[in-house]
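Take a look at the structure below.
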Amino acid sequence: MGKFNFNVNAARLDASGHYDFQNVFEFPDFIEMRPKLREAVRTVAREAFDQPVLPVKVERMTTSLEEQLERETRKYARQLGIHDNQKGERNELVRLFTQILQVISRTDEIDEELEDMIYAINQTRLSLIGLPELAGEGELYRADQDQELIPGTYYHYVTEQLVKPYLIDPAGGMVPANVTKEGRQLVVRMTTYAYRDWDAYLTHEYDEQHIVKNQKGLSQSDYFDKLEAIELKYADHIYSEVLADNFQDFTKILVSDIVPSFEIMSTDLRPLVTQHPGLKIRFAAKIAEHFKLDDQGREHVMDRPLEEIKNKYRYYRENFA
Numbered sequence: 001m002g003k004f005n006f007n008v009n010a011a012r013l014d015a016s017g018h019y020d021f022q023n024v025f026e027f028p029d030f031i032e033m034r035p036k037l038r039e040a041v042r043t044v045a046r047e048a049f050d051q052p053v054l055p056v057k058v059e060r061m062t063t064s065l066e067e068q069l070e071r072e073t074r075k076y077a078r079q080l081g082i083h084d085n086q087k088g089e090r091n092e093l094v095r096l097f098t099q100i101l102q103v104i105s106r107t108d109e110i111d112e113e114l115e116d117m118i119y120a121i122n123q124t125r126l127s128l129i130g131l132p133e134l135a136g137e138g139e140l141y142r143a144d145q146d147q148e149l150i151p152g153t154y155y156h157y158v159t160e161q162l163v164k165p166y167l168i169d170p171a172g173g174m175v176p177a178n179v180t181k182e183g184r185q186l187v188v189r190m191t192t193y194a195y196r197d198w199d200a201y202l203t204h205e206y207d208e209q210h211i212v213k214n215q216k217g218l219s220q221s222d223y224f225d226k227l228e229a230i231e232l233k234y235a236d237h238i239y240s241e242v243l244a245d246n247f248q249d250f251t252k253i254l255v256s257d258i259v260p261s262f263e264i265m266s267t268d269l270r271p272l273v274t275q276h277p278g279l280k281i282r283f284a285a286k287i288a289e290h291f292k293l294d295d296q297g298r299e300h301v302m303d304r305p306l307e308e309i310k311n312k313y314r315y316y317r318e319n320f321a
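Below, the structure is given as structure tokens:
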């Protein structure tokens, strides 16, 4: 078995407060690593059973563990920190990476390719261990809900445009290490919108409003305060309309002149933009229009809706409280 020091070169905060999270799934040669990583995950899954089971059960667990491994890692790479309620989840993820390293290291035939893979996986493990603490609570992993933007697809393309003002290196890509804290929050928000059930979201708003409207003993001022807080909380439902309208404009541009159909979660826009240079300019104009971009490229979708809500309740208080 190969001997390795798995505690060297841990990620740390630099002088500017930046945390260098190293993510195996973002390493340049990860495509070559993936088959061996998958095989290691399969071994971990097989060894999780106390007795022999049907191969199909092993494959199901392998797929589940592999998906969880990547999605959780990408989440923490995006956050560049950890909330207190996520520490148990993070610790389980670290244990999974440790098990994978142990499986991969069960050989005396360590070549350069395997050394690179062990290094990449271990750097990811150390990055997870050393995550700076964040205030408040964060989202926990749900196997039934994908929270990753798919590269090249509609939501990813739009988010890349919106995040440009927050890139540390304007020539670089939309990766956590190259995005400011404010930009990372924007990416998380856009990812949330991409997978949010907007109908259910509005139902929650109606339910909260119903509770307030039936609450006894409230002064008129308190009543307006509570309703205003609910409206402000759910005001971002405007993004469902903005994203839908922008998607319809993209569809009009693409179908049927360029592609027969445009799928929001599967059509890869990257080759289309490469083949038709004019598309980039047309798409950018639509995004600027719908997301109300300023001269610096920052979006202002919420400015007017929030101001309208505040003005409405200011009027109510002045005239009815």
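Residues 1 to 321, numbered by the UniProt record's numbering, are exactly what the sequence shown covers, in order.
We put the beta carbon where it would ideally sit given N, CA and C, even for glycine.
It should be emphasised that the depicted structure is a prediction, and the values quoted were computed from it without experimental measurement.
Local conformation of residue i per DSSP, three classes
i           : result
residue 24  : helix
residue 40  : helix
residue 304 : helix
residue 45  : helix
residue 262 : coil
residue 104 : helix
residue 142 : coil
residue 125 : helix
residue 255 : coil
residue 299 : coil
residue 321 : coil
residue 326 : Since the first and last residues shown for the chain are 1 and 321, residue 326 lies out of range.
residue 196 : coil
residue 209 : helix
residue 219 : coil
residue 276 : coil
residue 73  : helix
residue 323 : Limits of the chain in this structure are 1 at one end and 321 at the other, which puts residue 323 out of reach.
residue 35  : helix
Heavy atom of the ligand GDP within 7 Å of residue i beta-carbon
i           : result
residue 270 : Summarising the ligand content, the structure contains no ligands, and the ligand GDP is consequently not present.
Paired residues, beta bridge with residue i - DSSP
i           : result
residue 133 : 82
residue 167 : 179
Neighbourhood of residue i by C-beta distance below 7 Å, restricted to the same chain and skipping five residues each side
i           : result
residue 83  : 134, 136, 137 and 138
residue 290 : 242, 245 and 246
residue 224 : 313, 316, 317 and 321
residue 299 : 162, 291, 292 and 293
residue 99  : 44
residue 205 : 230 and 234
residue 186 : 162, 163 and 166
residue 301 : 238, 239, 242, 291 and 292
Cα-Cα separation between residue i and residue j, rounded to whole angstroms
i           : j           : result
residue 313 : residue 218 : 16 Å
residue 1   : residue 52  : Low confidence applies to residue 1: its pLDDT is 42, below 50, so where it sits in the model is not reliable, and the reading given next is rough at best. Those two C-alpha atoms are separated by around 25 Å.
residue 198 : residue 240 : 7 Å
residue 103 : residue 260 : 47 Å
residue 167 : residue 188 : 15 Å
residue 270 : residue 88  : 38 Å
residue 75  : residue 254 : 32 Å
residue 117 : residue 93  : 18 Å
residue 228 : residue 220 : 12 Å
residue 210 : residue 226 : 11 Å
residue 273 : residue 303 : 31 Å
residue 222 : residue 306 : 19 Å
residue 39  : residue 28  : 20 Å
residue 105 : residue 296 : 49 Å
residue 108 : residue 115 : 12 Å
residue 26  : residue 174 : 12 Å
residue 85  : residue 126 : 19 Å
residue 60  : residue 96  : 16 Å
residue 232 : residue 179 : 27 Å
residue 36  : residue 112 : 14 Å
residue 91  : residue 169 : 32 Å
residue 322 : residue 48  : Lying outside 1 to 321, the shown extent of the chain, residue 322 is not represented and no answer is given.
residue 181 : residue 308 : 28 Å
residue 171 : residue 257 : 31 Å
residue 276 : residue 110 : 46 Å
residue 252 : residue 208 : 38 Å
residue 279 : residue 160 : 15 Å
residue 183 : residue 190 : 11 Å
residue 143 : residue 34  : 21 Å
Integer-rounded CB distance, given that residue j should sit under 8 Å from residue i
i           : j           : result
residue 141 : residue 71  : 7 Å
residue 77  : residue 176 : 5 Å
residue 154 : residue 264 : 5 Å
residue 23  : residue 124 : 6 Å
residue 283 : residue 250 : 7 Å
residue 58  : residue 46  : 5 Å
Residues near residue i by beta carbon distance below 8 Å, same chain, minus five either side
i           : result
residue 237 : 198, 201, 202 and 205
residue 41  : 62, 65, 66, 69 and 100
residue 30  : 24 and 120
residue 212 : 218, 223, 226, 227 and 230
residue 73  : 23, 24, 25, 93, 124 and 128
Own chain partners of residue i with C-beta closer than 6 Å, once the 5 adjacent residues on each side are dropped
i           : result
residue 81  : 131, 132 and 134
residue 268 : 152
residue 193 : 239
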